[in-house]
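When you line the sequence shown up against my numbering, it's residues 41 to 327, in that order. Glycine included, every Cβ here is placed at the ideal spot set by N, Cα and C.
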Amino acid sequence: MAALLQRCRVVHVARAAKHLSQTALAALVRDLLVPGSISFLLLGATVAVAALYGGGRRAMWGRRALVLLLGGYWLLSLPMCAALLERGLGTGQRQLASKAAAAGADTIVVLSGGGNSYGAPGLQIQTPSSATAMRTLEAIRVYRLLGEPLVILSGGIGDPQVTLAPESDVMQREMLRAGVPVARLVMETRSQNTRDEAVEVARMLAERGIGRFVLVTSAQHMRRALATFRAVGLDPVPAATAAPDDDQTHARWQLLPSSSALRASQSAMREVLATAYYWWRGWLRFA
Numbered sequence: 041m042a043a044l045l046q047r048c049r050v051v052h053v054a055r056a057a058k059h060l061s062q063t064a065l066a067a068l069v070r071d072l073l074v075p076g077s078i079s080f081l082l083l084g085a086t087v088a089v090a091a092l093y094g095g096g097r098r099a100m101w102g103r104r105a106l107v108l109l110l111g112g113y114w115l116l117s118l119p120m121c122a123a124l125l126e127r128g129l130g131t132g133q134r135q136l137a138s139k140a141a142a143a144g145a146d147t148i149v150v151l152s153g154g155g156n157s158y159g160a161p162g163l164q165i166q167t168p169s170s171a172t173a174m175r176t177l178e179a180i181r182v183y184r185l186l187g188e189p190l191v192i193l194s195g196g197i198g199d200p201q202v203t204l205a206p207e208s209d210v211m212q213r214e215m216l217r218a219g220v221p222v223a224r225l226v227m228e229t230r231s232q233n234t235r236d237e238a239v240e241v242a243r244m245l246a247e248r249g250i251g252r253f254v255l256v257t258s259a260q261h262m263r264r265a266l267a268t269f270r271a272v273g274l275d276p277v278p279a280a281t282a283a284p285d286d287d288q289t290h291a292r293w294q295l296l297p298s299s300s301a302l303r304a305s306q307s308a309m310r311e312v313l314a315t316a317y318y319w320w321r322g323w324l325r326f327a
């Protein structure tokens, strides 16, 4: 019996260590290795400059790395490049066009997409990211389209460095301002990523006996979100956020670099890397 208990402890420790290593890898990629981020630029430039001082072939590779880094960031900062990346990720994703398209779903699940907190002694202001704002607006539209369904607002504290309160809180505030009764809103505040959201929402739906539901998120995020929810046994009806208006679309095809385009490219590259990571973890099931 003692040997069996010891073996169980070893297995438990090994699994915990594996989980920690995978979590650390995800954090490393998120914080340092996303092309388009300042951290990736600084890390790449540091390595390249160090190679320059190495002399010989190292210096040659250092020069090439700097050229590639500069050229890559120039491209990523072009609105046209950002638009192409976003369109590639969002291909085939559309808004929910009618009540019939919901296929009998009477529940909406809205995934948060980040936010920011600003605090002073005893005071705090919570603001949504652009992704969270657009998802909330789409949720309001779908709510009115379907005739007052139940709405599950999903999102905890995704990044403690920038958010001090659950991201679903700010979505709830805006839904209430739009006239959605508090009785129709259900909060999910424990999740930190899309995988967590799928697991938590699956539990909440099972507790309420809900099967069919509409999933609201950004077009660029929808493919991974759908595959993640399917991997936990759910089959959502997709409802992507609205496309940019004409003025925004025109601006995206300008050829001058901009900080907003670089942020959009960074977000797209992060989505690509997140999809690869989820596939590696076995968290995706594509239809």
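Beta-bridge pairing by DSSP links GLU240 to no other residue.
Leaving aside the five residues that flank LEU151 on each side, the residues in its chain whose CB is nearer than 8 Å to its CB run, in chain order, ARG175, SER194, GLY195, THR234, GLU237, LEU255, VAL256, THR257, HIS261 and ALA265. For GLN212, the uninterrupted alpha helix (DSSP H) segment begins and ends at 207–217.
Sequence-distant partners of ARG310 (beyond 5 residues in either direction) whose C-beta falls short of 6 Å from its own C-beta, in its chain, are VAL74. For the set ALA99, GLY112 and ALA91, the Cα lying nearest the Cα of LEU81 is the one of GLY112. The alpha-carbon of ALA246 is positioned some 50 Å away from that of LEU296. Look at THR234 here: in three-state DSSP terms it is helix.
Ranking THR281, ARG263 and ALA242 by CA distance to the CA of VAL312 puts ARG263 first. For GLY111, DSSP assigns no beta-bridge partner whatsoever.
If only uninterrupted alpha helix (DSSP H) runs of at least 4 residues are considered, those enclosed by the region 73–148 are 78–92, 96–116 and 119–129. DSSP places ALA160 in the strand class (E or B) of the three-state scheme. Per DSSP, SER194 is one residue of the beta strand (DSSP E) stretching across 190–194. Secondary structure of ILE197 (DSSP, three-state): coil.
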